């Protein structure tokens, strides 16, 4: 966005005109901002349409070549190295996989909230950094407790 | 209402601009298609490269029948997979089964939006570029879990759970190190991060300012891509093929594609974040002062940028492929311990060190 406004002096003049503007001017400046945002995100929107097409079209390609006469139970059943499948596929699973995402939930927003703090350090000075340190300290105490209690042990 | 000439001029230029914005939206299909074509060619090259390097390491000959030097091996594999029968497991969840690999592919393809190959040569110059990559790469474990669960196979389910646990465990150290790089460059935009490394040439690379970060980023991205030494999910002795067991035909091909695309994205991000991106890194020499023509310099710069970025990315690819065929596999609990108990404290410590060094230099 920075290169965009630098390359167009008209737009910077326009922004300065807008500040002391009437309601019509303010609507136009909102449309400018909308246009800028859309230009930044337009490739993403188009790509969001194209990439599902790229991944879903190959799923339909085998259909003309498929033969629908040869499905038999052995082919469709679950693979267990040659023997018959024993028990249901959705039986109980190891409980130790359950805490891993739960313990992921905490550091994930920690990192997300750290992004706005990390990027402008010269604007938030020492006060901003120390406030974030307080936040990280609280979460670190929680992580230490979890480590000592062995929540992330043995898988 | 009195409107003077300056305002009329600005309004006119604004309306011209808005028209351009709408046209720009349509025109950007062409760069996207170019990118997709480039990605396809790169995947072919990576597949061939992996087979050749693995063959050299194992002292045998790699592919040599499909095309000259075996270069079209990936196309041959892909065509074969396209023509295979699509087997749907009998009591599995058919819709989840079909969508699982697609979700993984979509999330990896979206990461290519923010990779810069030159100064104005990026699909979407977002101010939150790397954050977009981190956020989107979190979607891939959902696809893997869907694939594992819907296969109605105990071992697939177990593999899918392990895949999701591994992916999310290594995302946090990865994100903390990306955060440290953002801190150093005062921006989350990939273009700004590369620009911040361009001042001192070779010595301005972030790898010298964040050496631990480089090593841990390598390890975490290998874990995210589920490659050895972290590929317990596809360990043939244990789980046959993990969450990919019940897949056949082109859906299996999509998982294959996800694996290599993920590797490519990771290596491109290593280049952008640590190795200086598209900058020709000879310090203090500006290569283009010798040229006087403007347009030719533009195209030459672009080509040089692409070439340099790809060279650096292929260096990391070579390292990954060699690691895959050299190191033994890690056990699941060793893997999770490494992620949670070793890399996470290191990443926090590195972040605090970087913050304090930035504050001291303020």
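Chains as they are written, first to last, in our numbering: chain A, 2 to 156; chain B, 8 to 369. By construction, the Cβ of each residue, glycine as well, lies at the ideal position given by its N, Cα and C atoms. If you're wondering where the values come from, they're calculated on a predicted model, not measured in any experiment.
Would you verify that the beta carbon of residue i is, or is not, closer than 8 angstroms to some beta carbon of chain B?
i	result
residue 135 of chain A	no
residue 48 of chain A	yes
residue 57 of chain A	yes
residue 120 of chain A	yes
residue 230 of chain A	Any question about residue 230 of chain A goes unanswered here, given that chain A covers just 2 to 156.
residue 108 of chain A	yes
residue 45 of chain A	yes
residue 28 of chain A	no
residue 183 of chain A	Look at the range of chain A in this structure, 2 to 156, and you will see that residue 183 of chain A is not part of it.
residue 38 of chain A	no
residue 116 of chain A	yes
residue 60 of chain A	yes
residue 125 of chain A	no
residue 128 of chain A	no
residue 51 of chain A	yes
Counting only the same chain and skipping the five closest in sequence on each side, list residues whose C-beta sits under 7 angstroms from that of residue i.
i	result
residue 131 of chain A	none
residue 223 of chain B	180, 184, 350, 353, 354
residue 187 of chain B	217, 220, 357, 358, 361
residue 3 of chain A	Note that residue 3 of chain A has pLDDT 43, beneath the 50 cutoff, so the model's placement of it is unreliable and the number below is only indicative. The answer is none, since no qualifying residue turns up.
residue 398 of chain B	This structure gives no information on residue 398 of chain B, because the portion of chain B shown stretches from 8 to 369.
residue 367 of chain B	none
residue 177 of chain B	227, 230, 231, 346
residue 62 of chain B	68, 69
residue 195 of chain B	134, 135, 136, 137, 138, 189
residue 71 of chain B	77
residue 7 of chain B	This structure cannot speak to residue 7 of chain B, because chain B is shown only from 8 to 369.
Would you verify that the beta carbon of residue i is, or is not, closer than 8 angstroms to some beta carbon of chain A?
i	result
residue 190 of chain B	yes
residue 86 of chain B	no
residue 112 of chain B	yes
residue 238 of chain B	no
residue 164 of chain B	yes
residue 43 of chain B	yes
residue 276 of chain B	no
residue 118 of chain B	no
residue 74 of chain B	no
residue 285 of chain B	no
residue 89 of chain B	yes
residue 226 of chain B	no
residue 230 of chain B	no
residue 364 of chain B	no
residue 214 of chain B	no
residue 109 of chain B	yes
residue 138 of chain B	yes
residue 131 of chain B	yes
Return the Cβ separation of residue i and residue j in integer angstroms, given the expectation that the two are a contact with Cβ distance under 8 angstroms.
i	j	result
residue 283 of chain B	residue 212 of chain B	5 angstroms
residue 249 of chain B	residue 170 of chain B	7 angstroms
residue 330 of chain B	residue 235 of chain B	7 angstroms
residue 109 of chain B	residue 56 of chain A	4 angstroms
residue 232 of chain B	residue 266 of chain B	6 angstroms
residue 119 of chain B	residue 42 of chain B	6 angstroms
residue 52 of chain A	residue 113 of chain B	5 angstroms
residue 237 of chain B	residue 151 of chain B	Actually they are not in contact, since the Cβ atoms of residue 237 of chain B and residue 151 of chain B sit about 14 angstroms apart, beyond 8 angstroms.
residue 337 of chain B	residue 239 of chain B	7 angstroms
residue 73 of chain B	residue 65 of chain B	Residue 73 of chain B to residue 65 of chain B, Cβ: 19 angstroms. No contact.
Can you give me the Cβ contacts of residue i inside the same chain, cut-off strictly under 8 angstroms, excluding the 5 residues immediately before and after it?
i	result
residue 201 of chain B	123, 279, 283, 284, 285, 286
residue 271 of chain B	46, 49, 50, 53, 320, 324
residue 193 of chain B	199, 203
residue 385 of chain B	The structure shown does not extend to residue 385 of chain B, since chain B is modelled only from 8 to 369, so the question has no answer here.
Which same chain residues, not among the five before or five after residue i, have their C-beta less than 6 angstroms away from its C-beta?
i	result
residue 94 of chain B	255
residue 257 of chain B	88, 89
residue 155 of chain B	163, 164, 166, 167, 250
residue 103 of chain B	153, 157
residue 182 of chain B	141
Inset, instruction - Taking a Cβ distance cut-off of 8 angstroms, strictly less, list which residues of the stretch 180-211 of chain B are near chain A, in chain order. - result: 182, 183, 186, 187, 189, 190, 193, 194, 195
Inset, instruction - Could you please tell me which residues of the stretch 302-334 of chain B, in chain order, have their CB closer than 8 angstroms to any CB of chain A? - result: none
Legend entry - Where the stretch 91-102 of chain A meets chain B: residues whose CB sits under 8 angstroms from a CB there: 91, 92, 94, 95, 98, 101, 102
Legend entry - Chain-ordered residues of the stretch 148-172 of chain B with a beta carbon less than 8 angstroms from chain A: 156, 158, 159, 160, 161, 162, 163, 164, 165, 168, 169, 171, 172
Legend entry - Residues, ordered as in the chain, of the stretch 337-351 of chain B that lie near chain A by beta-carbon distance below 8 angstroms: 339, 340, 343, 344, 347, 348, 351
Legend entry - Near-chain A residues of the stretch 245-268 of chain B - C-beta to any C-beta below 8 angstroms: 247, 252, 253, 256, 257, 258, 260, 261
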